[in-house]
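Visitor: Going by our numbering, the final residue of the sequence shown carries number 272, and the count climbs one at a time with no gaps. A virtual CB, placed ideally from N, CA and C, is assigned to each residue, including glycine. First, the structure itself, so that you have it in front of you.
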Amino acid sequence: MNRVRKAIIPAAGLGTRFLPATKAMPKEMLPIVDKPTIQYIVEEAIESGIEDIIIVTGKGKRAIEDHFDHAFELEQTLLEKEKFALLEKVQASSNLVDIHYIRQKEPRGLGHAVWCARNFVGNEPFAVLLGDDIVQAETPCLRQLINEYEKTLSSVIGVMKVDDAETHRYGVIDPLAQDERRYQVRQFVEKPKPGTSPSNLAIIGRYILTPEIFMFLDRQEIGAGGEIQLTDAIQKLNEIQRVFAYEFEGKRYDVGEKLGFIETTIEFALKNEEIKDGLLEYMAEKLKEYRL
Ligand code: UTP
């Protein structure tokens, strides 16, 4: 089986950067305007041709499951009140695809979260999408990576150029050779110390992986931050089979930290006809108030 049909969406992290909002609710349920971030991710997966999704959940599992399930009472009320546009929005989230769930009992790191879904994946190539990054692109970001996988039959990791000062926050690549947007990689390094990064090409939360990755995730080796890191397993995989990096086309929004989250909210609100004018007026007033 060489087609990428399955995707894992890890959503079991503690979301400490958004505490206390994430105390009882997963950060993947925080909304950008009126849609939880995880729905943008699920939609990208579907638009990329993914047929089967598993979400790795931790605390607040119910909120995610309920979101992608039918909400009978709510749908009935909207129907009775003839609020058809809203009804359509509510039903859209539950009619997406079949979504499965598995629990990561303890947040031991992204590598461990992916490992928890190993039985769902079986012996096929698969995708991983993180909810921290929303990418808007003509061709969905994940589809671009799947296209590369289909050409190379190798793992493909989505990367993007970031400011040099930011590299320590990411996994980065040490590129060996470049063919347009595709890189051969000497090494994948998780969170290099400031000033030591081999490049400014950072791993953004989109991956196509071959099932051999589980040989390394099975070892449960602890990496940066005391966590089982996916990047470390990818580096090990890279030592036994080719793993490419691909600089995708599109705009990436970092919704995993506060400022990025607010910026994304504003950008998406400006694309929303219902609130765009009101928001612009409000922002103009604020700019005057702060004399900018
Ligand atoms: P992050 O490190 O960005 O998420 O992991 P976090 O730990 O929830 O965030 P902060 O730093 O405390 O604010 C990237 C993705 O991997 C998932 C997270 O849910 C997020 O989508 N993850 C991380 C897991 O599913 N399990 C883990 O053990 C760690």
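Just mark Asp113 as buried or exposed, buried being the case when its beta carbon has 16 or more other beta carbons within 10 Å.
Guide: buried
Visitor: Would you say the beta carbon of Gly151 is closer than 7 angstroms to some non-hydrogen atom of the ligand UTP?
Guide: no
Visitor: Going along the chain, which residues of its own chain have a beta-carbon closer than 6 angstroms to the beta-carbon of Cys96, five neighbours each way excluded?
Guide: Val36, Ile82, Gln84
Visitor: Do Pro178 and Asp154 have their C-beta atoms within less than 8 angstroms of each other?
Guide: Contact flag set, yes.
Visitor: How about Pro16: is its Cβ closer than 7 angstroms to a heavy atom in the ligand UTP?
Guide: no
Visitor: Alpha carbons only, please: which of Val94, Thr190, Asp257 is nearest the one belonging to Glu130?
Guide: Thr190
Visitor: With a threshold of 7 angstroms (Cβ to nearest heavy atom), would Pro174 be considered close to the ligand UTP?
Guide: no
Visitor: So, does the segment 133 to 151 touch the segment 256 to 268, judging by three or more C-beta pairs under 8 angstroms?
Guide: no
Visitor: What does a CB cutoff of less than 6 angstroms around Asn180 pick up in its chain, not counting 5 residues either side in sequence?
Guide: Excluding residues within five positions, the ones whose Cβ falls inside 6 angstroms are Lys141, Val142, Asp144, Thr147.
Visitor: Taking all protein chains shown into account, do 16 or more other C-beta atoms lie within 10 angstroms of the C-beta of Gly40, making it buried, or fewer, making it exposed?
Guide: buried
Visitor: Decide if the segment 211 to 231 is in contact with the segment -16 to -9; the criterion is three or more beta carbon pairs, one per stretch, under 8 angstroms apart.
Guide: no
Visitor: Check whether the Cβ of Leu272 sits closer than 7 angstroms to any heavy atom of the ligand UTP, and report yes or no.
Guide: no
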